[in-house]
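Visitor:
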Amino acid sequence: MLDLYSHSIALIHANQSPGGAYVASPTFATYNYCWFRDGTYIAYAMDLAGQHGSARRFYAWAATMIAQRAGAVERAIEAAPRGQPAPGDLLDTRYTLDGAIGADDWPNFQLDGFGTLLWGIQQHLALNAGAELPAHWRPAVALLARYLAALWHLPCYDCWEEFGDQVHTATLAALYGGLNAAAALLGEPAHAQTAAAIKAFVLSNCIAGAGLSKFVGSPAVDASLLHVATPYRLLEPGDPLMRATVARIEAELCRPGGGVHRYADDSYYGGGEWVLLTAYLGWYHAECGAPERAQTLRAWVERHATERGWLPEQVAENLNHPEMLAVWNARWGTSANPLLWSHAAYLTLCARLGTQ
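When we follow our numbering, the leftmost residue of the sequence shown carries the number 1, and every step to the right adds one.
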């Protein structure tokens with residue numbers, strides 16, 4: 001029987017470049033890039049699995065990528081009070097494994113991955129016996145924190161790279177977590193004050209009924225809202241608002257015995273059930289003291305590994321829009337499999353359950 005835990009670690013190692021970047025998916029051409037969002041979640045999982053060298057190489061690579069764009073970032077920070085900075089001054093969301101910016105058109109203005117990166121750096125150091133922030137990472141951390149503090153209120157694409165004209169709750173949670181991390185790493189309490197302002201904004205503007213909304217003004221729920229609690233702690237997992245949000249996710253985005261959909265009207269590859277979200281729902285329940293529910297979700301993930309031990313991005317079960325599966329297959333080929341982020345989410349859930 002395949003040891004999916006060990007296989008996931010090996011697969012991630014095999015798909016990390018010598019420079020430190022993780023490819024999102026080695027077999028899906030559209031994902032032959034490294035995203036800070038995916039990469040940080042992968043690095044975090046590797047830290048939890050004791051693979052600290054792999055995580056450190058990723059963060060060193062990321063710090064280099066940020067530092068190389070310092071001039072543009074400074075222009076974006078300077079322009080932010082007057083409105084949207086020039087597109088060319090915004091940080092790119094994905095890079096080739098050798099550090100080049102993707103040449104094709106892409107929805108690049110995504111802030112959540114940079115908050116995730118700052119959070120991940122703090123976690124990496126904490127999981128390495130409280131190591132100090134390396135001196136050559138510090139300029140990138142400081143620059144990125146200032147960038148997020150200046151731009152957090154602007155509409156941008158969400159973690160699914162959609163709805164670029166909205167202010168997204170899960171994005172704000174990532175920025176909250178990242179700026180709190182930066183405040184601790186740099187000893188700059190002003191970043192924690194910005195994080196507090198972000199939390200106040202969420203609690204005033206991102207509510208739908210008894211729970212959180214997908215974005216400001218939306219009545220919808222999105223499974224990425226799990227990140228408001230795990231890992232970013234804008235709300236504690238047991239907070240009534242968070243519990244109500246998760247209850248709605250489970251009621252509207254999960255089928256009995258199935259995995260987790262992104263949101264109700266998702267049509268990407270038909271809008272199937274996402275492996276990483278199913279694992280992250282398990283992570284939430286593990287932190288809420290419901291290990292049986294978390295173990296059930298982990299078992300679902302394990303059942304959807306291929307014979308080669310690959311975990312896909314999503315599975316074509318209980319599709320929201322079955323008619324769209326063929327459309328996406330014709331456009332980009334079959335959906336990503338394996339997806340390193342899915343393997344990372346599985347490793348994280350195993351760690352939270354205290355098992356391998």
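The beta carbon of each residue, even a glycine, is placed where N, CA and C say it ideally should be.
Do Ala70 and Pro139 come within 9 Å of each other at the CB atom, strictly closer than that value?
Guide: Contact flag set, yes.
Visitor: Where does the unbroken alpha helix (DSSP H) through Thr358 begin, and where does it stop?
Guide: Coverage of the chain is limited to positions 1 through 356, which leaves residue 358 absent and any answer about it impossible.
Visitor: Taking Cβ positions, are Gly39 and Leu117 nearer each other than 9 Å?
Guide: For Gly39 and Leu117, yes; Cβs fall inside 9 Å.
Visitor: Is it right to say Asp98 is buried, meaning 16 or more other beta carbons lie within 10 angstroms of its own, or is it exposed?
Guide: Exposed, since its Cβ has fewer than 16 Cβ neighbours within 10 Å.
Visitor: Once DSSP output is grouped into helix, strand and coil, what is the label at Val221?
Guide: Val221: coil per DSSP, three-state reduction.
Visitor: Can the beta-carbon of Tyr95 be found less than 9 Å from the beta-carbon of Tyr33?
Guide: Cβ distance < 9 Å, so Tyr95 and Tyr33 count as in contact.
Visitor: Give me, in chain order, the residues of the same chain whose beta-carbon lies closer than 6 Å to that of Ala181; leave out the 5 immediate sequence neighbours on both sides.
Guide: Hits under 6 Å: Leu118, Trp119 and Gln122.
Visitor: Are there 16 or more other CB atoms within 10 angstroms of the CB of Leu276, so buried, or fewer, so exposed?
Guide: Buried: at least 16 other Cβ atoms inside 10 Å.
Visitor: Need the endpoints of the alpha helix (DSSP H) that Trp106 sits in, please.
Guide: Neither: Trp106 is in no alpha helix (DSSP H) and is coded neither H nor E.
Visitor: Under DSSP, the alpha helix (DSSP H) around Gln68 begins and ends at which residues?
Guide: Where Gln68 is concerned, the enclosing alpha helix (DSSP H) stretches over His52 to Gln68.
Visitor: Quick test of the definition: if touching needs 3 or more C-beta pairs under 8 Å, does the region 74-94 touch the region 145-156?
Guide: Output reads yes: the region 145-156 touches the region 74-94.
Visitor: Taking the beta carbon of His153 as the centre, do at least 16 other beta carbons fall within 10 Å, making it buried, or is it exposed?
Guide: That one is exposed.
Visitor: Just grab the DSSP bridge partners of Ala345 for me.
Guide: BP columns for Ala345 are empty, so no partner.
Visitor: Suppose the cutoff is 7 Å on Cβ atoms and the five residues either side in sequence are ignored; what does the same chain contact list for Glu287 look like?
Guide: Within the same chain, Glu287 has close Cβ partners Thr230, Pro237 and Arg352.
Visitor: Quick check: the Cα distance between Arg233 and Phe36, rounded to an integer number of angstroms?
Guide: When rounded, the distance between both Cα atoms is 20 Å.
Visitor: How is Glu307 classed by DSSP in three states: helix, strand or coil?
Guide: Looking at Glu307 - three-state DSSP - the assignment turns out to be coil, as it is neither helix nor strand.
Visitor: If the criterion is Cβ atoms closer than 9 Å, does the pair Ser279 and Ala210 meet it?
Guide: In the sequence as displayed, the identity of residue 279 is Ala instead of Ser. Against a cut-off of 9 Å, the Cβ pair of Ala210 and Ala279 comes out as no contact.
Visitor: Can you tell me which of Thr334, Val260 and Thr348 puts its alpha carbon nearest to the alpha carbon of Ser224?
Guide: Here the closest residue by C-alpha is Val260.
Visitor: Between the C-alpha atoms of Val23 and Gly115, what's the straight-line distance to the nearest angstrom?
Guide: Computed Cα separation, rounded: 20 Å.
Visitor: To which residues of the same chain is Gly282 closer than 7 Å at the C-beta, ignoring the five residues directly before and after it?
Guide: Correct list, in chain order: Ala294, Leu297, Arg298 and Leu349.
Visitor: Taking the straight line between their C-alpha atoms, what separation do you get for Ser267 and Arg303?
Guide: Computed Cα separation, rounded: 24 Å.
Visitor: So what's Gln123 in DSSP terms, helix, strand or just coil?
Guide: Of the three classes helix, strand and coil, the one that applies to Gln123 here is helix, per DSSP.
Visitor: As a quick exercise: from Ile9, Tyr269, Ser8 and Leu319, pick the residue whose alpha carbon is nearest that of Trp332.
Guide: Closest by alpha carbon: Tyr269.
Visitor: For Thr245 and Leu212, which I take to be in contact (beta-carbon distance under 8 Å), what is that distance rounded to the nearest angstrom?
Guide: Their Cβ separation, rounded to whole angstroms, is 5 Å, which keeps Thr245 and Leu212 in contact under 8 Å.
Visitor: Does the beta-carbon distance from Met46 to Leu347 come in below 9 Å?
Guide: Yes, these two residues count as a Cβ contact at 9 Å.
Visitor: Could you give the distance in angstroms between the alpha-carbon of Tyr263 and the alpha-carbon of Cys206?
Guide: Cα to Cα, the separation comes out at about 16 Å.
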